[in-house]
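Numbered by numbering that gives the first Met the number 0, the letters in the sequence shown go through residues 0 to 1043 in order.
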Amino acid sequence: MGAFWFVELGVLILFLQAFKPGLSEESKCLPGFNSEMYIFKVERNHLQSGRSLGKVVFDDCTSRTSFLFHSEDSRFKVDGDGTLKLKRGLTLHNGHKEFYVSTQSKGKKIMVPVRVLHEARHGHNHNHHEMTTQPKPGESLSLPVLNFPKSSGGLKRRKRDWIIPPINFPENDRGPFPKNMVQIRSNNDKEVKIQYSITGAGADLPPVGLFTVDKNSGTLYVTQPLDREKKDKYILLVHAVAVGAGTAEDPMEIIVKVIDMNDNKPEFTQDPFTGTVPGASKPGDEVMQITATDADEEGSDNSDVRYTIISQEPPLPSPNMFVINPVTGGIRVNAPGLNREKFTKYTLEIQAADMEGNGLTSVGKAIITVTDSNDNAPQFVTPSYTVSIPENKVDALVVKMPVTDGDEPHSSAWATTYKIVDGDPQGLFHVCTGPSKLEGIIMTVKPGESLSLPVLNFPKSSGGLKRRKRDWVIPPINFPENDRGPFPKNMVQIRSNNDKEVKIQYSITGAGADLPPVGLFTVDKNSGTLYVTQPLDREKKDKYILLVHAVAVGAGTAEDPMEIIVKVIDMNDNKPEFTQDPFTGTVPGASKPGDEVMRVTAPDADEEGSANSDVRYTIISQEPPLPSTNMFVINPVTGGIRVNAAGLDREKIPKYTLAIQAADMEGNGLTSVGKAIITVTDSNDNAPSIVDGDPQGLFSVSTGPSNLEGIITTAKPLDFEKNNKYTLLVIVQNEVPFAISLPTSTATVVVNVEDVNEAPVFTPVEKIIRKPEDLPVDSDLVLYPATDPDTARSQKVSYKIRNDPAGWLSINKDTGLIKVKSLMDRESTFVQNNKYSVIVLGIDNDEIPATGTGTLIIELEDVNDNAPTIDESVIKVCNKESSPQLLSVTDKDGAGFAAPYTVQLQGLSQSNWTARMNDTKTGIILTLKTMLDSGDYTVVLRVSDNQGLYHDSTVQVSVCDCKGADVQCTDKAVAGFGLSILGILGAVLLLLLLSLLLLMFLRKRGGEKEPQEDDVIYYYDEEGGGEDDQLKGRTHQTSSEQAH
0 MGAFWFVELG VLILFLQAFK PGLSEESKCL PGFNSEMYIF KVERNHLQSG RSLGKVVFDD
60 CTSRTSFLFH SEDSRFKVDG DGTLKLKRGL TLHNGHKEFY VSTQSKGKKI MVPVRVLHEA
120 RHGHNHNHHE MTTQPKPGES LSLPVLNFPK SSGGLKRRKR DWIIPPINFP ENDRGPFPKN
180 MVQIRSNNDK EVKIQYSITG AGADLPPVGL FTVDKNSGTL YVTQPLDREK KDKYILLVHA
240 VAVGAGTAED PMEIIVKVID MNDNKPEFTQ DPFTGTVPGA SKPGDEVMQI TATDADEEGS
300 DNSDVRYTII SQEPPLPSPN MFVINPVTGG IRVNAPGLNR EKFTKYTLEI QAADMEGNGL
360 TSVGKAIITV TDSNDNAPQF VTPSYTVSIP ENKVDALVVK MPVTDGDEPH SSAWATTYKI
420 VDGDPQGLFH VCTGPSKLEG IIMTVKPGES LSLPVLNFPK SSGGLKRRKR DWVIPPINFP
480 ENDRGPFPKN MVQIRSNNDK EVKIQYSITG AGADLPPVGL FTVDKNSGTL YVTQPLDREK
540 KDKYILLVHA VAVGAGTAED PMEIIVKVID MNDNKPEFTQ DPFTGTVPGA SKPGDEVMRV
600 TAPDADEEGS ANSDVRYTII SQEPPLPSTN MFVINPVTGG IRVNAAGLDR EKIPKYTLAI
660 QAADMEGNGL TSVGKAIITV TDSNDNAPSI VDGDPQGLFS VSTGPSNLEG IITTAKPLDF
720 EKNNKYTLLV IVQNEVPFAI SLPTSTATVV VNVEDVNEAP VFTPVEKIIR KPEDLPVDSD
780 LVLYPATDPD TARSQKVSYK IRNDPAGWLS INKDTGLIKV KSLMDRESTF VQNNKYSVIV
840 LGIDNDEIPA TGTGTLIIEL EDVNDNAPTI DESVIKVCNK ESSPQLLSVT DKDGAGFAAP
900 YTVQLQGLSQ SNWTARMNDT KTGIILTLKT MLDSGDYTVV LRVSDNQGLY HDSTVQVSVC
960 DCKGADVQCT DKAVAGFGLS ILGILGAVLL LLLLSLLLLM FLRKRGGEKE PQEDDVIYYY
1020 DEEGGGEDDQ LKGRTHQTSS EQAH
């Protein structure tokens, strides 16, 4: 009785301790997926059923590793371990597919977007599997970090020291994707777990998923190339939250500015342009204007178009009758001699090229019709006007001025144009031609528009100005090289929030400021505006690191200096340069198409690995163009020149000159032209020849190094058993024909073939047979003999097995009959793709034995010799509103003897549990249907395959006193153990004493009874591990999973 009193006291103390205040609580964990978006890349558009794409990872803050996932797209399914698979075939018509995957946790539905993306691979030795399952960091060596401040008072919201300027990122970046841009990091991430997220257009708003962030590391990624012509700026909000702490940093605004690259050719606004020119026009007279716009960034070299006339038809009376203004596109008369009676029309071919005429090009036409001369000048109806208009009014009509003209109506000689030539030095007015073509309209000019600068703000503090650590580290400021100004050009403005209370002065230090090159960057000490004073050149220096200082005048305090990295963005400002000019090489006259001749190279000084330095080669001319205009061809990537056509002849054409063009931007950018001079050399195409005795072509003859000897070699293996002697007749000639008739010299060569011992030969060398895996021991498999090719020798072949990895086979050493030595197993690790390979040796009995090798491949047919089993052996559930548990089923047999599976609960497990197969019949959904006391239970499930072969699997279930899917188990025995130890020890001693007495009593009655063959077998089912026994009956099957 005393022992039970101690137990009751221990339970009471444990109950009181459970409600004791002041115990530390663990930080709450937020269930969720480990990524904000999963991207699965595939190598083809059509995907087959059953394909595994990768995994999604979910953490519900417990030790669970299996969950019930749901895909909103019925063509996909997600296994309990997160493996994403295709239920049926799918074609990615648009190259991608997006959908959501969800699961339940703590009564809430949690979703994550999934994208299946087609991304073709080229030229690498890849296996065709999924490329990636979620964004991975790139290989950047200097990824900028945005740090939150560390506070002695713990994590709390703090205002940022700096507002982040735009993050410049070039368009058309070639990846690989996802590509990291910047890393966000809290200084408290060593104290608490921080999770990061982003919102805004390009994140959770269209275009969704263009930018992602790793919620654990804070790495910000871009998932595909950007296009400035579609969108030149993205505004994102970055959030950093302490998991379980309920506090967060203020969201940080990040502006991603898309840097323009020269990826658009000029486009003519019309094609052809049409215009007229009077026949009496003089050189310098304006004819017409053409325009070609460029979609690249306005005001940059990429959109700076220049015009040239590349041809004129007809080229009479002069090939340069017209000239074009390279900047405006205005076409003027260049030479006298226009005559409508002789040439009524001229067609000009106009080239428009960006990069100030050195970049991408387009070609259009201008058709100019020659008209009669303008014989009558237009006259104002009223020579003087006085008008009044209100001040500060823009785009206002000032006056309409009608005119008259005596030339042919509606001709170019009759239509009028207008220009203000005096009285408007400030450009306040604009004059244009009215709709009738016989009036001028003057209007006031609309003012221009100003541009805004990004601002870097210091925080405003209630305690006055003091040093504070920055929340964010500024990412690099990308600035394009060769910017055309005007200079100095502002880049960003630095500003303190205290500049209204005290006067702040700004300064910068570092290379480019007070260190060489001194003065490249300056800052206005009062406004904080940062300037660049001249164009940057990436090829000279690709990065500048500056320190920005903000000091309160007279206060003696300052902000911590801020590091700014100015990264110079590469522009396509360097043409490819040939490493030599000309290149020289030789080619034998007897060369065949495809033979390599030489290689040319032209490196580009622009950024390595970018399109700006990606050079392609073409042959633009060949001199002479005989006997074919394309005697040579060049590899556009490597610059290797090869023979392309037959007909090289040193006597006719001893040398070829090729004009080679090298163009960057994959052949669409800036170009350079070089030369390759190829000399044709004479070939020794009159070697000795065998004219008799070798009908099978077993021998070859060639000219030796001295050019005065013939060398005979074997061209094919000789066989002593077929022919042991050959008599060859060889003739020799000079390279050039004889000047007079002379006899041809011949030689006779007798070749005796020596016999050598050859190895036995298996036929076939690789023999394939098909047998069931349960073939009995000592069964015949196959007779696999070898023959000895040495027919002139009397030799015997013996056999042995050289490599039998599993030791399943034996071979008769005299006959080569192979038998089963031990049972084979298709599911063995020695079997690959249902095939088991054995190496067999055939050995002759020569003095020096020769060994032949044969390979026997056994294709093992599957039999149903493995019952399905349950992978999970231990799980945890709540005893109230318990969530279903997904159990995985494994069967080592093939598909014909595996799924679909069936399941049955055994024994008393049926009372408190339900079990059913999932929709695919490959997994078991186990559910607690009655509320049980917390404790450990044994559940026995019988799982059968599609042929009825079954196995009883035991699952140990910990039932915890909790609710729903949030499984939380407590160890009730620990608290009371310390206080009830005396009672427990007493109970154990008493139990041992009773057992000893009972054993002595039984021995006195005659000893123990041996179990008989027909004794019944009991197995203990669930409910605390064996409180009720169930008679299983006489059976020949026992299960190791039954509880005892």
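The beta carbon of each residue, even a glycine, is placed where N, CA and C say it ideally should be.
Note that the structure is a prediction, hence the values are computed from the model and not measured.
Can you round the beta-carbon distance between residue i and residue j to whole angstroms, since I take them to be within the 8 Å contact cut?
{"i": "Ile166", "j": "Val255", "result": "5 Å"}
{"i": "Val522", "j": "Ile507", "result": "5 Å"}
{"i": "Ile544", "j": "Ile476", "result": "Actually they are not in contact, since the Cβ atoms of Ile544 and Ile476 sit about 11 Å apart, beyond 8 Å."}
{"i": "Ala783", "j": "Gly851", "result": "In the sequence under discussion, the amino acid at residue 783 is Tyr, which differs from the Ala named in the question. Between Gly851 and Tyr783 the Cβ distance is about 11 Å, and since that is not below 8 Å, they are no contact."}
{"i": "Tyr900", "j": "Ser943", "result": "7 Å"}
{"i": "Ile308", "j": "Lys344", "result": "Incorrect: roughly 16 Å between the Cβ atoms, too far for contact."}
{"i": "Lys715", "j": "Gly696", "result": "7 Å"}
{"i": "Tyr798", "j": "Gly815", "result": "5 Å"}
{"i": "Ala658", "j": "Ile619", "result": "5 Å"}
{"i": "Ile640", "j": "Val596", "result": "5 Å"}
Report the three-state DSSP secondary structure of residue i (helix, strand or coil).
{"i": "Gln955", "result": "strand"}
{"i": "Glu665", "result": "helix"}
{"i": "Val987", "result": "helix"}
{"i": "Gly439", "result": "strand"}
{"i": "Asp559", "result": "coil"}
{"i": "Ala894", "result": "helix"}
{"i": "Arg1002", "result": "helix"}
{"i": "Asn634", "result": "coil"}
{"i": "Gln288", "result": "strand"}
{"i": "Leu235", "result": "strand"}
{"i": "Leu546", "result": "strand"}
{"i": "Gln967", "result": "coil"}
{"i": "Ala610", "result": "helix"}
{"i": "Ser104", "result": "strand"}
{"i": "Leu996", "result": "helix"}
{"i": "Ser908", "result": "helix"}
{"i": "Gly278", "result": "coil"}
If you drop the 5 nearest sequence neighbours on each side, which residues of the same chain put their C-beta closer than 6 Å to that of residue i?
{"i": "Glu480", "result": "Leu535, Asp536, Arg537, Val567, Met570"}
{"i": "Ile330", "result": "Val286, Met287, Phe321, Ile323"}
{"i": "Val690", "result": "Leu728, Ile730"}
{"i": "Trp441", "result": "It is worth fixing the name first, because residue 441 is Ile in this sequence and not Trp. Correct list, in chain order: Val397, Val398, Phe428, Val430."}
{"i": "Gly511", "result": "Leu519, Phe520, Tyr543"}
{"i": "Gly703", "result": "Ile710"}
{"i": "Gln504", "result": "Lys524, Val550, Val552"}
{"i": "Val304", "result": "Pro265, Ala291, Asp293, Ala351, Asp353"}
{"i": "Lys135", "result": "Bear in mind that the predicted position of Lys135 carries a pLDDT of just 40, short of 50, making it too unreliable to give a figure here."}
{"i": "Ser881", "result": "Leu927"}
{"i": "Thr868", "result": "Thr889, His950, Ser952"}
{"i": "Ser821", "result": "Trp807"}
Using a Cβ-Cβ cut-off of 8 Å (strictly less than) and excluding sequence neighbours within five positions of residue i, which residues of its own chain qualify?
{"i": "Ser73", "result": "Lys86"}
{"i": "Leu204", "result": "Thr198"}
{"i": "Thr680", "result": "Thr585, Val586, Pro587, Gly588, Arg649"}
{"i": "Val501", "result": "Leu464, Ala551, Val552, Gly553, Ala554"}
What does DSSP give as the partner residues of residue i in its beta bridges?
{"i": "His95", "result": "Leu116"}
{"i": "Met400", "result": "Gly439"}
{"i": "Pro479", "result": "Ile568"}
Near residue i, which residues of its chain fall below 7 Å by C-beta distance, leaving aside the five closest residues on each side in sequence?
{"i": "Pro560", "result": "Leu546, Val547, His548"}
Next on the checklist: Ignoring anything shorter than 4 residues, give me the alpha helix (DSSP H) runs that lie fully in the segment 825 to 870, in order along the chain.
Outcome noted: none
Next on the checklist: Going residue by residue through the segment 735 to 815, where are the continuous beta strand (DSSP E) segments of at least 3 residues, counting only ones entirely within it?
Outcome noted: 744 to 751, 765 to 771, 779 to 782, 796 to 802, 808 to 810
Checklist entry - Which runs of the beta strand (DSSP E), 3 residues or longer, sit entirely within the segment 175 to 218? => result 178 to 185, 193 to 199, 210 to 212
Next on the checklist: To test your reading of the DSSP string, which unbroken beta strand (DSSP E) runs of 3 or more residues are found completely within the segment 651 to 727?
Outcome noted: 654 to 662, 670 to 680, 688 to 691, 698 to 702, 709 to 713
Next on the checklist: If we require 3 or more residues per run, which beta strand (DSSP E) segments fall completely within the segment 558 to 602?
Outcome noted: 561 to 568, 582 to 587, 595 to 598
Item to check | Every unbroken beta strand (DSSP E) within the segment 299 to 368, with a cutoff of 3 residues, ordered by chain | outcome: 305 to 312, 321 to 323, 329 to 332, 344 to 352
Checklist entry - Which ranges would you report for the beta strand (DSSP E) in the segment 410 to 436 if only whole runs of at least 3 residues count? => result 428 to 432
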